[in-house]
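With my numbering applied, the sequence shown corresponds to residues 3 to 488, in that order.
Every residue gets a Cβ at the ideal spot worked out from N, C-alpha and C, and that includes glycine.
Accompanying notes for the structure given below.
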Amino acid sequence: MNINKDSDLIADINNKTKKGFKWILIINIIAAPVQFLISLMLGRISPELLGKYGFLEILLNLVITVGMFGGPNLMIRYIPSISQDKIALFISKYIKYSFLLLIGIFLFFILLSQFSIFDLEFLLGKSTPPLYFIKWIILWSVLYLLYYILNSSQSALLRLKDFAIASKMYFFILFIMLVIFYFFGVRSWELIFFSSIVAIIFSITFILKKNSKDFIVFNTKGYNFPKGFWRYSFLMYISTFLTFLYEKLDQIIILFVYDLKYLGIYFGIMKIAFVSKMIPQIINRGLISSLSSLIHINAVDQIKVYYRKIINANYLICALISIVIILFSDLILNLFGSTFSEYRFLLLLFIITAFIDFYDTLNVNILIVKGEDKKVLTNTILKNITFLISAFLLLPLYDLEGLVIARIISLVFGVIYTKYALNTVKYHFVLPIKTIIIIALIILVYYAGTINFVVEGLTGIIAITTILVFNKVELLNILKKFKIWK
């Protein structure tokens, strides 16, 4: 009886994932140019304005880190195991506690500022938003936290179509509002934050229209979180904060050492490179919910199948886009402005980072869902230490490029450790050797571009052909109506 029940659950998860995967892929292909256009438009106006948009992203991640105790993966872990009638209670209570936590942190720092104990403006100088702007930042933070929790809930419930739409609706509305506000003369911090606030309100409205009855319950007094929730959430809170530091430490260092102009250059080139992993990133965020459901019923064989096929599908997409970016790198960088065209090597380093980062992120997500919080925390501490040491040594020698090389070094340590950690819980995943071959091909295309455009073009064609041959099965599956899971 249990075997039949598990088989039905696996079939249901596979069915929802197939349908969701199609929508995630389609929506992200449509949205990718818009996200690129946002960075391009702001970069064309000035590197400083793009730096302010980069500051917004740092704050965005900080709000999620300090406001969501345990982060979105905590919800992805618990929601699949909660009975249907308790899900709305869980989400609503989670929102209430998150709001209290976020507002409490704001009040704490405002109090420190009043007594001159803490002065962010002194630390960051001109990179800091003006003090009168704090009320807009608080409003933006509360709205974004609500949006992110609601959308993470959609992902946890495998409502992947609505999750994908809400994720990318934000960027569509943001782009439209940036154009409108700029046309009417809104500039500087107001342009960035006002546009984002409107985009968040539209996205929240969409999610609530689809899920208000399932997500929102006002009376949650009689509901208690699942057993072990607070212990696990506390450990995940620390781990999430360290992860935030790791992911944004390079940009925070730029704010301390340089200014918004250099943050804009660094952020803009990072965004160009990460176009290659934009589609894989959102696919992974949606599919980790499916893995969570499979881990919950301990379907080990299906988990291995998902792992292998997620990696293969992601690397096919990521590799092809990366080579195209390298081939047209001079043109793309000049679109942003002459200042950006000097940083072609930085672009290559970011692309290499994207490939290594994918393994580490996927492995960490599986460890989180598996409940291996101590291993996740160890991995985060290890990466932070190796990054800080590497950055300290390389930044004076290689400037901005040194920060990215430091990130690559720390990610290699992360992949090695998470592979070991997964082995200890009997998840023996194989890391394909073709990853190294793909990275080597991308480097080859980059250096061919230093000779002349003919050699670069021929090398690019050879590289793309080689990658397609390596991934012919995945390519055929995608062409056959995206039937990646049989």
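Q) Among residues of its own chain, excluding the 5 on either side of Val471, which ones have a beta-carbon nearer than 6 Å to its beta-carbon? A) none
Q. Curious, which full-length alpha helix (DSSP H) runs of at least 4 residues does the segment 341-395 contain?
A. 346-372
Q.
Using the three-state DSSP reduction, which class does Met70 fall into: helix, strand or coil?
A. coil
Q | Continuous alpha helix (DSSP H) stretch holding Ala450: start and end | A | 436-450
Q) By DSSP, does Trp487 sit in helix, in strand, or in coil? A) Its pLDDT being 42, under 50, Trp487 is placed unreliably by the model, and the measurement read from it follows with that caveat. Coil.
(Q) If contact is defined by three or more beta carbon pairs under 8 Å, each pair taking one atom from either stretch, is the segment 71-82 in contact with the segment 151-158? (A) yes
Q) Any chance the segment 129-142 sits against the segment 170-185, with 3 or more Cβ pairs inside 8 Å? A) no
(Q) Give the list of continuous alpha helix (DSSP H) stretches no shorter than 4 residues that lie fully inside the segment 56-100. (A) 74-80
Q | Val200 - DSSP class collapsed to helix/strand/coil | A | helix
Q) chain B beta carbons: is any one of them nearer than 9 Å to that of Phe111? A) Absent from the structure is chain B; it holds one protein chain and no more.
Q. Between the beta-carbon of Lys372 and the beta-carbon of Val417, is there less than 9 Å?
A. no
**Q.** Contact between the segment 383-397 and the segment 335-343 (3+ Cβ pairs under 8 Å)
**A.** no
Q | Coil, strand or helix - Leu160 by DSSP | A | coil
Q) Given that a residue counts as buried once 16 or more other Cβ atoms are within 10 Å of its Cβ, and exposed if not, what is Val302? A) exposed
Q. Run through DSSP, which three-state label would Arg310 get?
A. helix
Q) Could you give the residue range of the alpha helix (DSSP H) that holds Tyr234? A) 231-259
Q) How long is the line joining the alpha carbons of Tyr99 and Phe204, rounded to whole angstroms? A) 23 Å
Q | Cutoff 8 Å; reference Phe186; Cβ partners in own chain excluding five residues on either side | A | none
Q. Is it a yes or a no for the segment 263-273 touching the segment 34-54, going by three-plus beta-carbon pairs under 8 Å?
A. yes
Q. Can you tell me whether DSSP reads Ser48 as helix, strand or coil?
A. coil
**Q.** Chain-order list of residues whose beta-carbon lies under 8 Å from that of Leu349 (same chain, five-residue window excluded)
**A.** Ile271, Ile274, Ala275, Ile327, Ile328, Ser331, Leu335
(Q) Out of Phe183, Phe208, Gly459, which one is the CA nearest neighbour of Arg165? (A) Residue 165 is actually Phe in this sequence, not Arg. Minimum Cα distance to Phe165 is reached at Phe208.
Q: List the whole-angstrom C-beta distance separating Leu141 from Ile199, where the pair is believed to meet the contact cut-off of C-beta under 8 Å.
A: 7 Å
Q: Within its chain, find whatever has a CB closer than 6 Å to the CB of Val447; leave out the 5 residues flanking it on each side and keep chain order.
A: Ile325, Ile328, Thr461, Gly462, Ala465
Q: Report yes if the C-beta distance between Thr245 and Thr382 is below 9 Å; otherwise report no.
A: yes
Q. On the three-pair Cβ rule with 8 Å, is the segment 395-406 touching the segment 246-266?
A. yes
Q. Helix, strand or coil: which one does DSSP assign to Asn425?
A. helix
Q) Taking Cβ positions, are Lys95 and Tyr225 nearer each other than 9 Å? A) yes
Q. Say the cut is 8 Å; is the CB of Lys421 nearer than that to a heavy atom of the ligand SAH?
A. Absence of the ligand SAH from the depicted structure is noted, as is the absence of any ligand whatsoever, leaving it without description.
**Q.** From Ile66, Ile438, Val456, residue whose alpha carbon lies closest to that of Phe243
**A.** Ile66
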